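For reference, the structure discussed in these notes is given below.
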Ligand SMILES: Nc1nc2c(ncn2[C@@H]2O[C@H](COP(=O)(O)OP(=O)(O)OP(=O)(O)O)[C@@H](O)[C@H]2O)c(=O)[nH]1
Ligand SMILES: [Mg+2]
């Protein structure tokens with residue numbers, strides 16, 4: 005069994021305050037050639053299309069429409085940068101693994117995501133989102149391997165846990181934990197989240213806020 009690092013009451017409260025404060029959209033990059041200068045440490049939200057990245061950015065910051073959310077995969081079309089209180093840059097990326105897009109476009113987006121992940125000196129952490137109903141797929145493993153190679157530490161975040169009963173959730177958690185154990189740059193902690201019920205949101209805030217200090 006892995007012991008999960010629990011945030012203290014003080015850390016949870018400090019994180020709540022940080023995420024309740026200002027958060028401003030500052031930049032949308034349509035290609036890896038027009039990324040903004042690196043002013044703050046960055047945390048990127050990465051995952052397959054529709055995994056719930058933009059929803060999670062909204063839930064963390066308590067905003068309804070800071071980041072654009074859609075039922076249709078492909079909602080986020082650029083790399084969006086949000087300045088959280090001058091402390092941390094939240095970076096919402098387009099999703100990968102969306103089969104309906106043209107091959108050309110899919111390849112361009114994949115390239116943009118990979119260039120960003122490889123080349124950002126102040127990228128402190130990646131939250132790699134995995135739909136709890138689906139588990140990790142090959143496209144996720146490609147990203148994990150890239151992050152292992154570049155030694156950017158990442159946290160597996162299971163999303164939409166409200167959709168699962170307890171047995172399915174236990175299975176999903178076990179799958180993600182095993183996946184993390186297989187990858188050198190993956191943190192051993194897995195965070196379970198739901199933007200509908202709020203499960204895991206304070207924990208994820210605490211995790212990210214500890215980077216901004
Ligand atoms: N049941 C449930 N649905 C969720 C949750 N989070 C997000 N969704 C839904 O999942 C869909 C996709 O959400 P987005 O936040 O747009 O996903 P994304 O990963 O940003 O997608 P792309 O930008 O296309 O890569 C939307 O219909 C959301 O309402 C959750 O915690 N529970
Ligand atoms: Mg999105």
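In the working numbering, the protein residues as written are 5 to 217. Virtual Cβ for every residue (Gly too), placed ideally from N, Cα, C. Because the structure is a prediction, the values reported are computed rather than measured.
Problem set entry | Reduced DSSP category for residue 156 - H, G, I as helix; E, B as strand; rest coil | Coil, per DSSP.
Exercise. Taking residue 30 as the reference, which of 43, 86, 57, 47 has the closest Cα?
Worked result: Of the residues 43, 86, 57, 47, the one whose Cα lies closest to the Cα of residue 30 is 86.
For this session: Would you list the residues whose beta-carbon is nearer than 6 Å to any heavy atom of ligand 1, in the order they occur in the chain?
Result: Residues flagged by the Cβ proximity filter: 51, 53, 54, 55, 56, 57, 58, 59, 73, 74, 75, 77, 78, 79, 80, 98, 99, 163, 164, 166, 167, 198, 199, 200.
Exercise. Between the C-alpha atoms of residue 154 and residue 36, what's the straight-line distance to the nearest angstrom?
Worked result: Going from the Cα of residue 154 to the Cα of residue 36 covers about 17 Å.
Problem set entry | Paired residues, beta bridge with residue 83 - DSSP | In the DSSP assignment, residue 83 is bridged to 33.
Exercise. How long is the line joining the alpha carbons of residue 175 and residue 183, rounded to whole angstroms?
Worked result: Each residue's alpha carbon lies about 12 Å from the other.
For this session: State the start and end residues of the unbroken beta strand (DSSP E) segment that holds residue 132.
Result: Here the beta strand (DSSP E) through residue 132 covers 127 to 135.
For this session: Rank 27, 39, 26, 33 by C-alpha distance to the C-alpha of residue 124 and give the top, closest one.
Result: Comparing Cα positions, the closest option is 39.
Exercise. What's the gap between the Cα of residue 198 and the Cα of residue 163?
Worked result: Rounded to the nearest angstrom, the two C-alpha atoms are 6 Å apart.
Exercise. Is residue 73 helix, strand or coil when you go by DSSP?
Worked result: Residue 73 falls in the coil class under three-state DSSP.
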